[in-house]
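Quick note, the sequences are listed as chains A and B, same order.
Per my numbering, residue 1 is the first one in the first sequence, and the count goes up by one each step.
Per my numbering, residue 1001 is the first one in the second sequence, and the count goes up by one each step.
A virtual CB, placed ideally from N, CA and C, is assigned to each residue, including glycine.
Encoded as C-alpha cells, the structure appears first; notes follow it.
2 protein chains.
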Amino acid sequence: MEEKRTYPQGIKWTRQRKDVYDVLESASEPLSAVQIYNHIEKHPAEGNYAISTIYRILTTFEEQGMITKTTWLGDDSCVYELKRNSHTHYAVCLSCHKRIPLHDCPFEHMHDQSHEEEELQAGGFTVTGHKLELYGYCSTCNFHKA
Amino acid sequence: MEEKRTYPQGIKWTRQRKDVYDVLESASEPLSAVQIYNHIEKHPAEGNYAISTIYRILTTFEEQGMITKTTWLGDDSCVYELKRNSHTHYAVCLSCHKRIPLHDCPFEHMHDQSHEEEELQAGGFTVTGHKLELYGYCSTCNFHKA
DNA sequence: ATGCAAATGCAACTCATTTGCATCTAGTTT
DNA sequence: AAACTAGATGCAAATGAGTTGCATTTGCAT
C-alpha cells in the first residue's frame, strides 16, 4: 500500500508535506488550499490536519519554486499547482465562471516576434513565465442572455 | 470649481457614483476599492462614505460593462479599471511585486494565427477580452539574489 | 414640488488567509 | 539506537477584503 517515493530535496519532508505534495501531483488543475485540505481529510491516514498548516506548506513550496500560486479570474481564493514542463490556459466565462481549457499556449508561437521580452531582458528583468486567460461568455450563458 | 460632466446612461448617477467614476477615469492603472475609497476621502466634498458603497458601486459598474475587475498576480485584493479602447499588460516581479508596463499587447500580433479563438467561437463561446501577465524577477531582485 | 424605487451609511457578518504560542517531529549528532 | 534541536504543526484567536440587513436618504420621473 505504502509506496516508496522520493521528494524534491532541500526541505524537511513531514507527513503533511508529503500529503500536500501528493495531492498536487495527482491534480489535473490548480487547487485551492481548502480543496487540498478536503482532499486530504477524505483519506485520514493519521492524526488531524490544520488548515493553517496547508497554507504554511503551500507558502514553503512556493518559496522553493516548486509550485505556482494564481487566482481564477473573477474568483477570490488562491489556487496552487505544481510546476510542470507544460501548462494550460483557460477561457473563463464571466457569467458562470466555467473554465474551458485551451488546447495549446498561443504564446509559444510568437516568442520570436515579440519585442516585449527582449526589452524586458535588456532592462534586467528575467521572464520566468506568463499567465494568460481569455474571457467572455460560454454557450450556455450566451443562450440565457438572449 | 464644479464642472459640468456627462456620465454614461442607464443608471442613477448619485454623488458617490460620480466620485468613483471620476477617480477611475483619472487613474492611470487599476485601483482597489480601498484605494478608491482613500482617494475620495482625501477630497471630502461632502458627507461620509461607506466602503460598502464603493463595493456596491463597483459591482454595478461591472454589471453595466463599464469597468473590468481583475487581480494582480501574487496579490489578493481585486482591482478595477474603466474599460477603455486600449489596455496594458504588465510584467510582474515575483519577489517585490513591482509591475512594469509592456509597450503593447503581444496578443494583437497573433489573432490571425491562433486557432484557439476560432475553436472557442465554434463551441459557442464569445471571447470579449483577455488577460496576460508575464512574470519573473526584476533587475533589483535579480541583483539581491546573486 | 411630490413620490417611490433604488442607493447609501452603518454595523454586524462571512470567509480566506495569517499569526502567536505551546507541543511535536524529521533528520542529524552522539 | 537514544538524544538533541531547529524547524514544523495544531489550535485558537486575529486579520482584512468583501458582503449583507435594515433604517434612512436621494435621484429622477411624474
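Buried or exposed (CB count within 10 angstroms, at least 16 for buried), residue i
i       : result
B/T1128 : exposed
A/F143  : exposed
B/I1057 : buried
B/H1043 : exposed
A/E116  : buried
B/A1122 : exposed
A/E2    : Below a pLDDT of 50, predicted positions are generally treated as unreliable, and A/E2, at 49, falls in that range; the measurement from the model is reported next regardless. Burial call: exposed.
A/H130  : buried
B/D1104 : exposed
B/V1034 : exposed
A/V20   : buried
Residue i and residue j closer than 8 Å at C-beta
i       : j       : result
B/Y1135 : B/V1079 : no
B/G1074 : B/L1102 : no
A/I36   : A/I11   : no
A/S139  : B/G1124 : yes
B/I1100 : B/E1081 : no
B/I1051 : B/V1023 : no
B/Q1009 : B/Y1049 : no
A/T152  : B/T1059 : Summary: the structure shown does not reach residue 152 of chain A, with chain A confined to residues 1 through 146, and so no result is reported for it.
B/S1077 : B/S1032 : yes
Cβ separation of residue i and residue j, assumed to be a contact under 8 Å, to the nearest whole Å
i       : j      : result
A/H89   : A/E62  : Wrong, their Cβ atoms sit about 20 Å apart, outside the cutoff.
B/T1126 : A/Y137 : 5 Å
The ligand SAM heavy atom lying under 7 Å from the CB of residue i
i       : result
B/E1119 : In the structure on display, the ligand SAM does not appear, and there are no ligands present to speak of.
Contact list for the stretch 1049 to 1080 of chain B against chain A, Cβ threshold 8 Å:
K1069, T1070, T1071, L1073, G1074, D1076 and C1078
Of all the residues that make up the stretch 1009 to 1037 of chain B, which are near chain A by a beta-carbon distance shorter than 8 Å?
Result list empty, no residue passes.
Near-chain B residues of the stretch 117 to 135 of chain A (beta-carbon distance less than 8 Å), N- to C-terminal order:
E117, E119, L120, G123, G124, F125, T126, V127, T128, G129, H130, K131, L132, E133, L134 and Y135
Note down, in chain order, all residues in the stretch 1091 to 1105 of chain B with a beta-carbon under 8 Å from any beta-carbon belonging to chain A.
A1091, C1093, L1094, I1100, L1102, H1103 and D1104
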